[in-house]
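Residue numbers for the sequence shown follow this note's numbering, so the first one is 1 and each next one is one higher. A quick write-up on the structure given underneath.
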Amino acid sequence: METETILGSSSGFIPFNRFCVAGTEFEYIQQAIDQLHVSGDGSFTRKCHQILEEILSVPRVLLTTSCTHALEMSALLVEIKPGDEVVVPAFTFVSTVNAFVLRGARPVFVDIRPDTLNLDEKLLERSITTKTKAIVPVHYAGVACEMEAIGSIAKRYGIPVIEDNAHGLLGKYRGKYLGTFSAMSALSFHETKNFACGEGGALVVNDPQYIERAEVIREKGTNRSRFFRGQVDKYTWVDLGSSYLPSDMLAAVLYAQLEARDRIQAARHRIWTYYRACLAEWAHECGVGLPVVPEECEHPAHLFYLLMPNLAARQAFIAHLKAHNIMSVFHYLPLHLSEMGRRFGGRPGDCPVTESVSDRLVRLPFYNDLSEPDQSRVVDAIRGFRPNSSPTPPK
Ligand SMILES: Cc1ncc(COP(=O)(O)O)c(C=O)c1O
1 METETILGSS SGFIPFNRFC VAGTEFEYIQ QAIDQLHVSG DGSFTRKCHQ
51 ILEEILSVPR VLLTTSCTHA LEMSALLVEI KPGDEVVVPA FTFVSTVNAF
101 VLRGARPVFV DIRPDTLNLD EKLLERSITT KTKAIVPVHY AGVACEMEAI
151 GSIAKRYGIP VIEDNAHGLL GKYRGKYLGT FSAMSALSFH ETKNFACGEG
201 GALVVNDPQY IERAEVIREK GTNRSRFFRG QVDKYTWVDL GSSYLPSDML
251 AAVLYAQLEA RDRIQAARHR IWTYYRACLA EWAHECGVGL PVVPEECEHP
301 AHLFYLLMPN LAARQAFIAH LKAHNIMSVF HYLPLHLSEM GRRFGGRPGD
351 CPVTESVSDR LVRLPFYNDL SEPDQSRVVD AIRGFRPNSS PTPPK
């Protein structure tokens, strides 16, 4: 079944996501091995740092073992302590929050906007207290949060912003790259992302005051980076830290993908545009929502979602596509209603938009080499579905 899909046939199973080789990965892994440097911070890691720093025009990028770990580094960098509060959207991945809770913070969940599904900036100010030590917006699907409003509120209260940019590498807001609006941001190179090395991430340090300590935290709390630059004659334990640097073999895979970014992005934008064009009429007739991209945002074609009228319709839709051998998946459950979220006081009704979107959202198959016949099979199967459009009864 898989083989048929790989050959571009339109009869096999269409997964939701698939890792796609850019072409030079194996050659680069071989080079990393031939250089006998497969631990962290070898030549491919340096190449990844350089290419990302150049693209984003930022002073420092540090590859990490995941976006989760980049967020954990950011929590250490802004010195989160027990009792501090961190403002986060309720609709996000657990790591956006857990990275700060690990340091003792209490998450303050804010609801999302019904259009972009990003932290609702109109609700931000009322969630800030004297204990707030960070604001962590997430650019969902790589569509920017209202960074002007968020940035000005944060500035007024002197609170650092950390962008969770797991989805948004190469996305822009008012012509400027996502992840460059705040003190620092976190990227993901997990298998599901536009550029992937299996598990991986990066901390993008925009504010130079954090660079040196970021290097220390990433290197087990040692000043090893200074030692390698010849700035100290031996390295030693100087601060808190952990092992957040990936193997150079993974950096080799990532570098191959980053070099192929124009081709990868062109392919992904073609798929996104095709879905949008082919589904617009059906979505309008059926009361289904499509992704909203405000004028000031350029999205990086990370994912394509539909907002079904209610939970029952979403579940029926997933089953309908499954019957056509096509996988579609929902996304985040409301974090304030998770077991951990409830321990922090989360209650049903706190974040109504998150609760509704979480029930209704479904993501379509999306990967760099999703073939045209498979794209049209997805579209045909979707157009053959009619949702029952009664709203979800209140919980
Ligand atoms: C918004 C968001 N933040 C963080 C992460 C964690 O990324 P990683 O798997 O690289 O740790 C994810 C995972 O997809 C995510 O969706």
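Don't be surprised by glycine CBs; every beta carbon is placed ideally from N, CA and C. None of the values given here were measured: they were computed from a predicted structure.
Residue from the options with nearest C-alpha to residue i
i	options	result
Thr-192	Asn-388, Phe-19, Gly-384, Arg-383	Phe-19
Gln-265	Arg-383, Gly-142, Gly-289	Gly-142
Leu-311	Pro-373, Arg-113, Pro-387	Pro-387
Tyr-305	Glu-372, Lys-322, Ser-328, Ala-105	Ser-328
Lys-81	Phe-91, Glu-72, Gly-104	Gly-104
Leu-102	Glu-25, Ile-162, Arg-218, Asp-84	Asp-84
Arg-126	Ala-154, Glu-146, Thr-116	Ala-154
Thr-354	Thr-68, Ile-112, Tyr-210	Ile-112
Phe-189	Glu-219, Thr-64, Lys-220	Thr-64
Ala-75	Ile-159, Lys-122, Ile-14	Ile-159
Glu-79	Glu-148, Ala-134, Val-378, Pro-15	Ala-134
Cys-351	His-299, Glu-219, Met-308, Phe-91	Phe-91
Leu-187	Lys-172, Gly-201, Lys-176	Gly-201
Pro-107	Val-97, Val-138, Leu-303, Leu-62	Val-97
Leu-119	Val-87, Phe-181, Lys-172	Val-87
Leu-170	Asp-369, Gly-289, Leu-258, Phe-344	Leu-258
Met-147	His-167, Tyr-177, Thr-130	Tyr-177
Lys-220	Glu-372, Pro-246, Tyr-332	Pro-246
Three-way DSSP call (helix, strand, coil) for residue i in this model
i	result
Ala-90	coil
Met-308	coil
Lys-155	helix
Gly-341	helix
Ser-188	strand
Arg-103	coil
Thr-222	strand
Ala-283	helix
Glu-295	coil
Phe-13	coil
Arg-383	helix
Val-205	strand
Arg-18	coil
Glu-85	strand
Arg-363	strand
Ile-80	coil
Ser-243	strand
Val-97	helix
Thr-273	helix
Buried/exposed call for residue i, threshold 16 Cβ in 10 Å
i	result
Pro-365	buried
Leu-36	exposed
Val-21	exposed
His-284	exposed
Gly-8	In this predicted model, Gly-8 has a pLDDT of only 45, less than 50, meaning its place in the structure is not dependable enough to derive any value.
Ala-251	buried
Ser-152	exposed
Ala-260	buried
Asp-262	exposed
Gln-375	buried
Arg-342	exposed
His-269	exposed
Phe-317	buried
Arg-314	buried
Ile-6	Low confidence applies here, because Ile-6 scores a pLDDT of 43, under 50, leaving its location unreliable and the question unanswered by this model.
Trp-272	buried
Ile-33	exposed
His-39	Reading off the sequence shown, one finds Ser at residue 39, where the question assumed His. Ser-39 is exposed by the Cβ-count criterion.
Arg-60	buried
Thr-3	Bear in mind that the predicted position of Thr-3 carries a pLDDT of just 37, short of 50, making it too unreliable to give a figure here.
Chain C contact for residue i (CB, 7 Å cutoff)
i	result
Thr-130	As a matter of chain content, chain C is missing from the structure shown, which is built from one protein chain.
Original post:
What beta strand (DSSP E) runs, 3 residues minimum, are completely inside the stretch 107-176?
Top reply: 132-135, 162-164
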